[in-house]
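For reference, each letter of the sequence shown is one residue, going 0 to 402 in numbering that gives the first Met the number 0.
Where is the CB? At the ideal position from N, CA and C, for every residue including glycine.
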Amino acid sequence: MLKGKRILLGVTGGIAAYKSAFLVRLLIKAGAEVKVVMTPAAHQFITPLTLATLSKNPVATQFTNGENGEWNNHIDLGLWGDLMVIAPASANTLSKLAEGRSDNLLVAVFLSARCPVLVAPAMDLDMYSNKATQINLVRIQQNGVKIIPPGTGELASGLSGEGRMAEPEEILKFIEATFTNASRLSSKKILVTAGPTYEAIDPVRFIGNHSSGKMGFELAEALAERGADVVLVSGPVSLQTKNPRIERKDVVSAQEMFECCMEIFPTCHAAILSAAVADFRPKNVADSKIKKGASGINEISLEETPDILASLGKLKSKKQILAGFALETNNEIANAKTKLESKNLDFIVLNSLKDFGAGFGTDTNKISILTNEGKTINFELKSKSAVANDIADHLVTISPNEA
Ligand code: CTP
């Protein structure tokens, strides 16, 4: 899979730099071409000669080579790679990546690279959990960089915790997945809805629900990672997108979400609606704040909001794929099947509030996918990002391959 792929490996100063040698060997064995760029501090942990010998290419550290002034052209290096991997990435380098600094060759190459970038942080547990490092990681991800999470275990300091660089075999899996995933949904436009909707009672009050939007945001990331152009229509949430392939449209009410989706869906390959849309809204919205003791305030008359998923189901062409979520508390399978059929869906993602760890606000979810061919696929309790990968992979398997 990596045959002929050009990998730029950035190595920074940390004890995990010794593992870079194993990573280079794995990459070369897999058929990749490898060029290594090191920071000056990395030389204290592993020699350039080791990495040059294993990669079969000279290692670059400085902007110029020795006395003859030969230039290590960071722009050419940045454009050479099909993928850049920075492993290990020290706390210092992470802060430079987040700020866009270019005071050494490695970070200058990072700024010049047009290819996807993977970063494998490696540091002591307190440095890793420090707010400054965590903020840097968020900023880097917002620039489209993918983080390979560090492992937990014994650290060079003798302490034990999170911060240890992922093992070379695991980094290799991330590299392979980046190449396979990147094209699986490329040139497909996919609509995703997320979060709650707020239905106004008066200018300061609303009817809403506890949806955090996490599932829909993770789903948008998983689809974008597979090369899709995602339009994420989100209700009010306090989340941010990371992948630049995601175009975000913020809405507040069910009506706004409905109008936005109806406009976008006709040009989409697929839509997955995960938003917890309010089913009812106040019939009349007061123009000014309702005061205590106002007459008739003991009841609010409600009317139904438009069912966005069902409306898209009516619009759907044979080529389009439509999926929804069902959050159920009882008769889960039967209720989900009814929704699957009545809303004309290709599949529905069922999560039961009875399952521990599933539902609103949690970082985990336990789902089943029910298909319009009558299949039920059950999954274990997983992080919402792993669940998002399962759903995105299911979409890949049922998407027609137009290549
Ligand atoms: N949905 C929607 N528009 C609505 C209500 C729901 O698009 N007005 C979508 C949700 O995004 C979800 C699916 O429909 O993908 C199922 O939502 P759910 O609330 O479980 O089902 P409802 O059809 O609203 O039925 P009920 O609340 O009675 O279970």
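Q: In the DSSP assignment, find the unbroken beta strand (DSSP E) run with Phe279 in it and report its ends.
A: For this step, residue 279 is matched to residue 280 along the sequence shown. Looking at the DSSP string, the run of the beta strand (DSSP E) that includes Phe279 is 279-281.
query = Thr177: buried (16+ other C-beta within 10 angstroms of its C-beta) or exposed?
reply = On the sequence shown, residue 177 is found 178 positions in, with the first residue counted as 1. By the Cβ neighbour-count rule, Thr177 is buried, with 16 or more other Cβ atoms within 10 Å of its own.
Q) To which residues of the same chain is Gly12 closer than 7 Å at the C-beta, ignoring the five residues directly before and after it? A) Indexing the sequence shown from 1 puts residue 12 at position 13. Result list for Gly12: Thr38, Ala40, Ala41, Gln43, Phe44, Ser89, in chain order.
message = Which residue marks the beginning of the alpha helix (DSSP H) containing Asp81, and which one marks its end?
response = The sequence position of residue 81 within the sequence shown is 82, counting from 1. Counted as a single uninterrupted DSSP element, the stretch harbouring Asp81 is not any alpha helix (DSSP H), since DSSP gives it neither H nor E.
Practice problem: Check the C-beta distance from Ala193 over to Ser233 and give it rounded, since I have them as a contact under 8 Å. | Solution: For this step, residue 193 is matched to residue 194 along the sequence shown. For this step, residue 233 is matched to residue 234 along the sequence shown. Cβ-Cβ separation between Ala193 and Ser233: approximately 5 Å, consistent with a contact (criterion under 8 Å).
Would you kindly work out how many angstroms separate the C-alpha atoms of Ala227 and Gly65, rounded to a whole number?
Working through the sequence shown from its first residue, we reach residue 227 at position 228. Working through the sequence shown from its first residue, we reach residue 65 at position 66. Those two C-alpha atoms are separated by around 45 Å.
Check: Thinking C-beta only, is Ala322 closer than 9 Å to Ala270?
Finding: For this step, residue 270 is matched to residue 271 along the sequence shown. For this step, residue 322 is matched to residue 323 along the sequence shown. Their beta carbons are under 9 Å apart, which means Ala270 touches Ala322 by this criterion.
Q) Are the stretch 144-162 and the stretch 119-130 touching, with three or more C-beta to C-beta distances below 8 Å? A) Output reads yes: the stretch 119-130 touches the stretch 144-162.
- Just tell me which of Leu22, Leu76, Trp70 has its CA closest to the CA of Leu50. For this step, residue 50 is matched to residue 51 along the sequence shown. Selected option, being the one with the closest Cα: Leu22.
Quick one: using the 10 Å Cβ neighbour count with 16 as the cut-off for buried, is His73 buried or exposed? The residue given as residue 73 occupies position 74 in the sequence shown. Buried.
Q) Expressed to the nearest angstrom, what Euclidean distance is found between the alpha-carbon atoms of Lys315 and Lys4? A) The residue you call residue 315 lines up with position 316 of the sequence shown. The residue you call residue 4 lines up with position 5 of the sequence shown. Lys315 and Lys4 have their C-alpha atoms spaced approximately 39 Å apart.
Rounded straight-line distance, which links the Cα of Ala285 to that of Val229: Within the sequence shown, numbered from 1, the residue matching residue 229 stands at position 230. Within the sequence shown, numbered from 1, the residue matching residue 285 stands at position 286. Answer to the nearest angstrom: the Cα atoms are 36 Å apart.
Query raised in the report: Along the chain, which unbroken stretches of the alpha helix (DSSP H) at least 4 residues long are found entirely within the stretch 194-259?
Result: List check, alpha helix (DSSP H) in window: 213-224.
Q.
Would the stretch 89-100 count as touching the stretch 17-36 if we require 3 or more Cβ pairs under 8 Å?
A. The stretch 89-100 vs the stretch 17-36: no contact.
Review point. In chain order, what residues of the same chain lie with their CB nearer than 6 Å to the CB of Ser101, ignoring the 5 residues before and after it?
Key: For the purposes of this step, residue 101 is identified with residue 102 of the sequence shown, where counting begins at 1. So the qualifying residues of the chain are Ala107, Leu110.
Practice task
May I ask whether a heavy atom of the ligand CTP can be found less than 8 Å away from the beta carbon of Gly143?
Solution key: What you label residue 143 is simply residue 144 of the sequence shown in a count that begins at 1. The answer is no for Gly143.
Requested in this report: Taking all protein chains shown into account, decide if Ala402 is buried (16 or more other Cβ within 10 angstroms of its Cβ) or exposed.
Outcome: As a working mapping, residue 402 is identified with position 403 in the sequence shown. Because Ala402 sits at a pLDDT of 43, beneath the cut-off of 50, its placement in the model cannot be relied upon, and the point is left open.
Checklist entry - What does DSSP give as the partner residues of Met164 in its beta bridges? => result Counting from 1 along the sequence shown, the entry for residue 164 is found at position 165. DSSP lists no partner for Met164.
Endpoints, the alpha helix (DSSP H) within which Gly423 is located: Outside the displayed range of the chain (0 to 402) lies residue 423, so it cannot be described from this structure.
Task: Extent of the continuous beta strand (DSSP E) run through Asn330 - done: On the sequence shown, position 331 is the one that residue 330 refers to. Per DSSP, Asn330 lies in no beta strand (DSSP E) and is assigned neither H nor E.
Contacts around Val118, its chain only, beta-carbon distance under 6 Å, and the 5 residues preceding and following it disregarded:
Residue 118 sits at position 119 when you count from the first residue of the sequence shown. Cβ within range, chain order: Ile85, Ala88, Val144, Ile146.
Task: Check: Val276 C-beta below 8 Å from any heavy atom of the ligand CTP - done: Taking the sequence shown and counting its residues from 1, one reaches residue 276 at position 277. A distance criterion of 8 Å places the beta-carbon of Val276 in contact range of the ligand CTP, judged by its closest non-hydrogen atom.
*With DSSP as the reference, label Gly312 as helix, strand or coil.*
Your numbering for residue 312 matches position 313 in the sequence shown. Gly312 falls in the helix class under three-state DSSP.
Roughly how many angstroms lie between the CA atoms of Gly80 and Cys114, to the nearest whole one? For the purposes of this step, residue 80 is taken as the residue at position 81 of the sequence shown. For the purposes of this step, residue 114 is taken as the residue at position 115 of the sequence shown. Their Cα atoms are separated by approximately 7 Å.
What three-state label does DSSP hand Phe346 in the structure shown? As a working mapping, residue 346 is identified with position 347 in the sequence shown. If DSSP states are grouped into helix, strand and coil, Phe346 belongs with the strands.
* Are the beta-carbon atoms belonging to Thr240 and Glu224 less than 9 Å from one another? -> Within the sequence shown, residue 240 is the residue found at index 241, counting from 1. Within the sequence shown, residue 224 is the residue found at index 225, counting from 1. Going by C-beta atoms, Thr240 is not nearer than 9 Å to Glu224.
What would DSSP say about Ala402, mapped onto helix, strand or coil? For the purposes of this step, residue 402 is taken as residue 403 along the sequence shown, with counting starting at 1. Interpretation of Ala402 is limited by its pLDDT of 43, a score under 50 that renders its predicted location unreliable; no figure is taken from the coordinates.
- Item | Which listed residue (Thr361, Asp392, Lys374) has its alpha carbon closest to that of Lys381 | Here residue 381 refers to the residue found at position 382 of the sequence shown. Nearest neighbour of Lys381 by Cα position, chosen from Thr361, Asp392, Lys374, turns out to be Thr361.
Query raised in the report: Are Leu190 and Leu272 closer than 9 Å when you measure CB to CB?
Result: Against the sequence shown, residue 190 aligns to sequence position 191. Against the sequence shown, residue 272 aligns to sequence position 273. With a cutoff of 9 Å on beta-carbon distance, Leu190 and Leu272 are scored as near each other.
- Query: Between Lys248 and Leu231, is the Cβ-Cβ spacing less than 9 Å?
  - Reply: Here residue 248 refers to the residue found at position 249 when the sequence shown is read from its first residue. Here residue 231 refers to the residue found at position 232 when the sequence shown is read from its first residue. By the CB criterion at 9 Å, Lys248 and Leu231 fall inside the cutoff.
- Query: What residues are listed by DSSP as bridge partners for Thr363?
  - Reply: Counting from one through the sequence shown, the residue named residue 363 turns up at place 364. The partner list for Thr363 (beta bridge, DSSP) reads Ser382.
request  = Return yes when the C-beta of Ser273 is under 8 Å from any heavy atom of the ligand CTP, and no when it is not.
outcome  = The residue labelled residue 273 in the question sits at position 274 within the sequence shown. Ser273: yes, Cβ under 8 Å from the ligand CTP.
**Study point:** Cut-off 6 Å between Cβ atoms - residues of its own chain near Leu25, not counting five sequence neighbours on either side
**Key:** As a working note, residue 25 is residue 26 in the sequence shown. Within the same chain, Leu25 has close Cβ partners Pro167, Leu171.
**Report entry** Terminal residues of the beta strand (DSSP E) in which Leu301 lies
**Finding:** By 1-based counting over the sequence shown, the position of residue 301 is 302. Its beta strand (DSSP E) spans residues 301-303.
Exercise. Please report how far the alpha carbon of Lys383 lies from the alpha carbon of Glu69, in whole angstroms.
Key: In the sequence shown, residue 383 corresponds to position 384, counting from 1. In the sequence shown, residue 69 corresponds to position 70, counting from 1. Inter-residue distance for Lys383 and Glu69 is about 49 Å (C-alpha atoms, whole angstroms).
Exercise for the section: Assign Ile6 to one of two classes, buried (16 or more other C-beta atoms within 10 Å of its C-beta) or exposed (fewer than that). Expected result: By 1-based counting over the sequence shown, the position of residue 6 is 7. With 16 or more other Cβ atoms within 10 Å, it is buried.
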